[in-house]
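Enquirer:
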Amino acid sequence: MDKKILVAYGSKRGSTAEIAERIGETLRQKGLQVDVLDAGTVTDLTPYSKIILGSSVYIGLWHKKVVHFLKRNIEVLEKLPVWLFICGPTGPGNPIEQMDGWFYPKSLRPVIERIHPRDITCFGGKLELKTLNPFEKWIINKVQAPEGDFRNWKDIVFWTETIHREC
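For the sequence shown, the residue numbers in our numbering are 35 to 201.
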């Protein structure tokens, strides 16, 4: 029996966690064993044969739990198939185009290059002004980011199914 797949995530307000849960649910429906865990709670990768890692993105930064996860586990991740996703841009349209080809901060380039992810993608995010602190609201106002849920669940499931085909 194959080992399990780990879907780990770092989520500031729950949107990325919900995407991770949908990825896990989709893979389970395909008959695979999957754990979906907050990246900050993962202490051992030995039960896993594949890793899917997702991060929220705020002001061009990945979630700190995901950054720590990558750096702490880099030697193991170099040997496993890894897929990465980010969640963050809001507004209508293609989130990859909205990010203008950006997927990770330059500071993570050495780590990303070492693990050679099978794929990196970007999903639209969710923005609820009522959940933001005054400083965050000020930033959102300055960049004129629209409020709403811009996650495309069909795209998320499609991406997950491409991973399943490689399993």
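For glycine and all other residues, C-beta sits at the position ideal for the given N, C-alpha and C.
How many Å lie between E200 and G65 at the Cα?
Expert: Each residue's alpha carbon lies about 14 Å from the other.
Enquirer: State yes or no: is the C-beta of L114 within less than 8 Å of the C-beta of L104?
Expert: No, they are not a contact pair.
Enquirer: Can T50 and S89 be called in contact, C-beta distance under 8 Å?
Expert: Yes, the pair counts as a contact, with Cβ atoms nearer than the cut-off.
Enquirer: Label K46 either buried or exposed according to how many other C-beta atoms from any shown protein chain fall within 10 Å of its C-beta, with 16 as the threshold for buried.
Expert: By the neighbour-count rule (16 or more Cβ atoms within 10 Å), K46 is buried.
Enquirer: Tell me, please, whether the CB atom of R148 is closer than 8 Å to any CB atom in chain D?
Expert: The structure shown has no chain D; it contains just one protein chain.
Enquirer: Could you compute how far the alpha carbon of N107 sits from the alpha carbon of E162?
Expert: So the two alpha carbons sit approximately 33 Å from each other.
Enquirer: Which residue spans inside the region 56-115 form an unbroken beta strand (DSSP E) run of at least 3?
Expert: Counting only runs of 3 or more, we get 68-72 and 82-92.
Enquirer: Would you mind sorting R185 into buried or exposed? The rule is 16 or more other CB atoms within 10 Å of its CB.
Expert: Classification for R185: buried.
Enquirer: Leaving out five residues on either side along the sequence, give the residues of the same chain with a beta carbon under 6 Å from the beta carbon of S83.
Expert: The residues are D36 and K37.
Enquirer: Have a look at W96 and P129 and give me their C-alpha separation to the nearest angstrom.
Expert: Answer to the nearest angstrom: the Cα atoms are 16 Å apart.
Enquirer: Rounded to a whole number of angstroms, what is the C-alpha to C-alpha distance between V41 and V177?
Expert: When rounded, the distance between both Cα atoms is 31 Å.
Enquirer: I need the straight-line Cα distance from T194 to W117, nearest angstrom please.
Expert: Spanning the two alpha carbons is a distance of roughly 10 Å.
Enquirer: Taking only three categories from DSSP, how would you classify A179?
Expert: Looking at A179 - three-state DSSP - the assignment turns out to be coil, as it is neither helix nor strand.
Enquirer: Residues in the same chain with beta-carbon distance under 6 Å from K99, minus the five sequence neighbours each way, listed in chain order, please.
Expert: The residues are G44, A73 and G74.
Enquirer: What are the residues that DSSP puts in a beta bridge with C156?
Expert: The partner list for C156 (beta bridge, DSSP) reads I120.
Enquirer: Is the Cβ-Cβ distance between G122 and Y92 less than 8 Å?
Expert: For G122 and Y92, yes; Cβs fall inside 8 Å.
Enquirer: Kindly give me the distance between the Cβ atoms of F157 and D183, rounded to whole angstroms, as I take these residues to be in contact under 8 Å.
Expert: Not confirmed; about 11 Å, so no contact.
Enquirer: Quick check on G58: buried or exposed, where buried means 16 or more other Cβ atoms within 10 Å of its Cβ?
Expert: The residue in question, G58, is buried, as its Cβ has 16 or more Cβ neighbours within 10 Å.
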